[in-house]
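One structure is given here, and the rest of the page talks about it.
In the numbering used here, the protein residues as written are 185 to 298.
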């Protein structure tokens, strides 16, 4: 069955960095677009970034452009989200998701606070 397991969240000060990882199994990862979503406390879930199977073109929410980078390693069945210059408003549970199917990871908490 499809499994998506995120890791790398935690507590970080404003201006800091974190790298999230999502290890996938149960499907052909190298042929599948992947995405990261986040759900801030009390708010709707929102798309953060997306990457196609080859990684050639990436898309970002305006709120994270220039600060976050999505990437993937098809040999490791892993998609990453490098988050730099973190702000308190980036606090959320971050989930990875298969782009064209309703498969989600359990999420990893990111808290940005001094």
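Backbone N, C-alpha and C define an ideal beta-carbon position, used for all residues, glycine too.
Cβ-based neighbour list, residue i, same chain, cut-off 7 Å, excluding 5 preceding and 5 following
i, result
"residue 276", "222, 223, 224 and 294"
Three-state secondary structure (DSSP) of residue i
i, result
"residue 303", "With the chain covering 185 to 298 only, the question about residue 303 has no answer from this structure."
"residue 228", "coil"
"residue 194", "strand"
"residue 218", "strand"
Residue burial classification, residue i (beta-carbon count within 10 angstroms, cutoff 16)
i, result
"residue 228", "exposed"
"residue 292", "buried"
Close-in-space but distant-in-sequence residues of the same chain around residue i (CB under 8 Å, 5 per side omitted)
i, result
"residue 198", "270, 271, 272, 296, 297 and 298"
Euclidean distance between Cα positions of residue i and residue j
i, j, result
"residue 190", "residue 244", "19 Å"
"residue 286", "residue 218", "11 Å"
"residue 211", "residue 188", "10 Å"
"residue 282", "residue 216", "7 Å"
"residue 202", "residue 236", "22 Å"
"residue 255", "residue 196", "21 Å"
Residues of its chain near residue i, where Cβ-Cβ distance is below 6 Å and the 5 sequence neighbours each way are ignored
i, result
"residue 262", "205 and 207"
"residue 279", "221, 288, 289 and 291"
**Study point:** Ordered list of beta strand (DSSP E) runs contained in the region 243 to 279, each at least 3 residues
**Key:** Fully enclosed beta strand (DSSP E) runs of 3 or longer: 252 to 257 and 262 to 267.
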